[in-house]
Amino acid sequence: MQKPNGQGLGRVLKAAKCSMQGFAATWRHEAAFRQEAVLAMLSVPLAAWLAPSFQQFVLLIGVWCLVLIVELLNSAIETLTDRVSLERHELSGRAKDMGSAAVFLSLVLVALVWGSALYSRFLS
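Residue numbers (our numbering): -11 to 112.
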């Protein structure tokens, strides 16, 4: 059975194109994603200075990647919910709130990891 998006390298290329379209749409339509992406990019040189090891550097950058992943998923949930209906509905609100809670938890993780790194660098 032939898959609609092809097979092999062609499928990989089509998937990459879809991913780039997803990044572009999220950047264009979601202010929170833009803000978090800018913070993530600004954190790279700070993480390079702050991290005593490559593993710590990867952790400091990785938690920001996690925030962006969760924000992409939250934006997808919000977009799909709005596509179904723009009228207020308890379940739509609940879905959006759950996505927001996931973003919040990912940001708490950033604060904990970066706080730990700052504590280790300056106070221990």
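We treat Cβ as the ideally placed atom computed from N, Cα and C, and that holds for glycine.
### Query
Is the region 37 to 51 in contact with the region 76 to 89, if contact means three or more CB pairs nearer than 8 Å?
Short answer: they don't touch.
### Query
Is it right to say VAL58 is buried, meaning 16 or more other beta carbons lie within 10 angstroms of its own, or is it exposed?
Around the beta carbon of VAL58, 16 or more other beta carbons sit within 10 angstroms, so the residue counts as buried.
### Query
Out of curiosity, what's the CA-to-CA distance linking ARG71 and ALA20?
Here the alpha carbon of ARG71 sits roughly 20 Å from the alpha carbon of ALA20.
### Query
From LYS38 to ALA83, what does the alpha carbon distance come to, in whole angstroms?
Checking the sequence shown, residue 38 turns out to be Leu, not Lys. For LEU38 and ALA83, the gap between their C-alpha atoms comes out near 37 Å.
### 7 Å Cβ shell around ALA36 - same chain, five flanking residues per side excluded
Its chain contains PHE45 as the residues whose beta carbon lies nearer than 7 Å to that of ALA36, once the 5 sequence neighbours on both sides are disregarded; these appear in chain order.
### Task
Evaluate SER73 with the Cβ neighbour count: other Cβ atoms within 10 Å of its Cβ, from every protein chain shown; 16 or more gives buried, anything less gives exposed.
SER73 counts as exposed, since fewer than 16 other beta carbons sit within 10 angstroms of its beta carbon.
### Query
Roughly how many angstroms lie between the CA atoms of SER31 and SER80, to the nearest whole one?
Cα to Cα, the separation comes out at about 34 Å.
### Task
Please classify SER108: is it buried, with 16 or more other beta-carbons within 10 angstroms of its beta-carbon, or exposed?
Exposed, because fewer than 16 other Cβ atoms sit within 10 Å of the Cβ of SER108.
### Message
Is it buried or exposed, ASN62, if we count other Cβ atoms within 10 angstroms and call 16 or more buried?
### Response
Within 10 angstroms of the beta-carbon of ASN62 lie 16 or more other beta-carbons, which makes it buried.
### Task
Could you have a look at SER112 and say whether DSSP puts it in helix, strand or coil?
DSSP places SER112 outside both helix and strand once states are collapsed to three, so it counts as coil.
### Query
Just how far apart, CA to CA, sit LEU(-3) and LYS5?
Cα to Cα, LEU(-3) sits roughly 12 Å from LYS5.
### Message
Quick check on the DSSP output: the alpha helix (DSSP H) that includes HIS17 runs from which residue to which?
### Response
Note, HIS17: alpha helix (DSSP H), -4 to 17.
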